[in-house]
Structures are given as C-alpha cells and as structure tokens.
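Asks:
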Amino acid sequence: MARAHGAPTLFYPFRLYPLRIIKQIIAMSFSVNAPEFRLRVPYLEQFGLNKELRHLPPDLRVLTGYTINGHIRSTGASGILDGSGVAPQLYTVSEIAFPPFCFVLTLNCPCPDRRMIVISAFATCGYYEVQSLDLRMPVLPIHSAYPTDYRTPQEVAKAGAAAKTMPSGGAKP
Numbered sequence: 028m029a030r031a032h033g034a035p036t037l038f039y040p041f042r043l044y045p046l047r048i049i050k051q052i053i054a055m056s057f058s059v060n061a062p063e064f065r066l067r068v069p070y071l072e073q074f075g076l077n078k079e080l081r082h083l084p085p086d087l088r089v090l091t092g093y094t095i096n097g098h099i100r101s102t103g104a105s106g107i108l109d110g111s112g113v114a115p116q117l118y119t120v121s122e123i124a125f126p127p128f129c130f131v132l133t134l135n136c137p138c139p140d141r142r143m144i145v146i147s148a149f150a151t152c153g154y155y156e157v158q159s160l161d162l163r164m165p166v167l168p169i170h171s172a173y174p175t176d177y178r179t180p181q182e183v184a185k186a187g188a189a190a191k192t193m194p195s196g197g198a199k200p
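Positions in the sequence shown are counted from 1; adding 27 to them yields the working numbering.
1) How big is the Cα-Cα spacing for leucine 162 and valine 131?
2) Do you know how far the Cα of glycine 92 is from the Cα of alanine 184?
3) Please list, in chain order, all residues of the same chain as leucine 71 whose beta carbon is under 6 Å from its beta carbon, the five residues on each side excluded.
4) Let me make sure I understand the geometry here. Which of Phe38, Gln158, Leu117, Ser58 has the alpha-carbon closest to that of proline 139?
5) Quick check on the burial criterion: 16 or more other C-beta atoms within 10 angstroms. Buried or exposed for proline 69?
6) Might you give, ordered along the chain, the residues of its own chain that have their beta carbon closer than 6 Å to the beta carbon of proline 250, omitting 5 neighbours on each side?
7) Let me confirm a value: aspartate 86 is counted as buried when at least 16 other C-beta atoms fall within 10 Å, else exposed. Which label applies?
8) I'd like to check one pair, isoleucine 146 with proline 126: are the Cβ atoms closer than 8 Å?
9) Helix, strand or coil for leucine 71 per DSSP?
10) Could you tell me the alpha carbon to alpha carbon distance between proline 62 and glutamate 79, rounded to whole angstroms?
11) Just checking my contact of leucine 90 with isoleucine 144 at CB under 8 Å: how many whole Å lie between their CB atoms?
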C-alpha cells in the first residue's frame with residue numbers, strides 16, 4: 028500500500044492485441060448508447076466496423092480501471108457539469124463498469140477521475156500487433172448510480188450528510 032500511496036491498485040502484465048481491445052470497448056459503448064450516438068460520432072462507427080482502421084480523434088479518449096465490488100453500471104452518453112472553473116463546462120462521458128473492468132469513453136473532456144489510466148494509444152497499434160504491457164490499474168469502487176462516481180461508501184455517506192446541512196437557497200418564509 029505504501030508504493031500505491033494508500034490507494035489500491037492491481038499491477039498485472041498483459042499480452043494482448045491493443046487495437047482489438049479498443050474496438051471491443053467502442054462496440055460496448057454503442058450497446059449502452061442510444062442509436063443517435065453514432066450520428067454524433069460517425070467516425071467511431073467506421074472505426075469499429077473496419078478492422079484495419081486505426082487512430083482515434085484527439086477529442087475522444089478511452090480510460091480504464093478495475094472494479095471488484097460486484098456492482099455493475101452502464102451509462103450512455105451523459106453530461107457532467109464542472110462548475111469548478113471560471114466558466115462552467117459541460118462534458119460528455121459514456122461508461123461501462125462490469126467487474127473486473129471499468130471503461131469510460133470521453134468526448135472533448137478531461138479525465139473524470141485522475142486514478143483511471145488512458146488507453147487511447149491502443150488505437151495506434153495494428154490489428155495483428157501483439158503487445159506485452161505492464162498496466163498498473165486502479166481499483167475503483169462503485170457505490171452510486173452516477174456515471175464516473177468512484178467514491179467509497181464512506182465518501183458517499185459523508186457527501187450526503189454535507190448536502191443535508193447546506194442551505195437550500197430557496198425563499199425564506
């Protein structure tokens with residue numbers, strides 16, 4: 028745990044076909060999205076259907092991690108509002124979390140959780156290219172229905188308690 032800075036991670040050597048993995052993740056993303064999703068990202072449809080097609084657009088990223096607590100979550104294209112900057116930003120993500128893996132597809136969006144690893148570069152490999160990769164993947168808990176929410180049960184409870192003590196902002200009687 029000291030080497031992982033207190034955060035659980037799993038470190039496994041993988042021997043895999045990176046491009047095939049990305050194409051499978053893209054196919055799964057289409058399965059959890061509405062049919063109109065392919066109209067928004069037409070390149071992805073072509074990318075998934077043509078085994079020789081490589082490279083993802085720079086505004087599209089694929090991220091991954093492990094989830095081992097048994098909860099499943101799949102979310103079609105969803106908006107995430109980030110109000111932490113000067114101007115609020117709306118980002119689009121699609122998520123598939125089915126143990127042992129969690130995959131997130133982002134469109135023009137920063138990484139929704141810094142613990143996740145970006146595997147978009149898998150799309151630069153050839154279809155028949157095999158890679159031996161050592162991936163240190165974070166273990167991400169799932170305890171809510173919200174996309175890309177990887178808080179522990181304690182963090183969810185603490186946030187819920189804090190929300191109850193916040194003023195509602197409504198009109199005073």
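For glycine and all other residues, C-beta sits at the position ideal for the given N, C-alpha and C.
Replies: According to the data block:
1) Your numbering for residue 162 matches position 135 in the sequence shown. Your numbering for residue 131 matches position 104 in the sequence shown. Going by the C-alpha atoms only, they are around 17 Å apart.
2) Position 157 of the sequence shown, counting from 1, holds the residue named residue 184. Position 65 of the sequence shown, counting from 1, holds the residue named residue 92. Spanning the two alpha carbons is a distance of roughly 23 Å.
3) Taking the first residue of the sequence shown as position 1, residue 71 is located at position 44. Same-chain partners within the cutoff: Ile53.
4) Taking the sequence shown and counting its residues from 1, the one referred to as residue 139 is at position 112. Nearest option by C-alpha distance: Leu117.
5) Residue mapping note: residue 69 aligns to position 42 of the sequence shown, counting from 1. Burial call: exposed.
6) What is shown of the chain runs 28 to 200, which leaves residue 250 out entirely.
7) Counting from one through the sequence shown, the residue named residue 86 turns up at place 59. Exposed, because fewer than 16 other Cβ atoms sit within 10 Å of the Cβ of aspartate 86.
8) Taking the first residue of the sequence shown as position 1, residue 126 is located at position 99. Taking the first residue of the sequence shown as position 1, residue 146 is located at position 119. No, they are not a contact pair.
9) Position 44 of the sequence shown, counted from the first residue, corresponds to residue 71. Leucine 71 falls in the helix class under three-state DSSP.
10) Here residue 62 refers to the residue found at position 35 of the sequence shown. Here residue 79 refers to the residue found at position 52 of the sequence shown. In a straight line, the C-alpha of proline 62 is about 24 Å away from that of glutamate 79.
11) Stepping through the sequence shown from its first residue, residue 90 is reached at position 63. Stepping through the sequence shown from its first residue, residue 144 is reached at position 117. With a Cβ gap of about 7 Å, leucine 90 and isoleucine 144 count as contacting.
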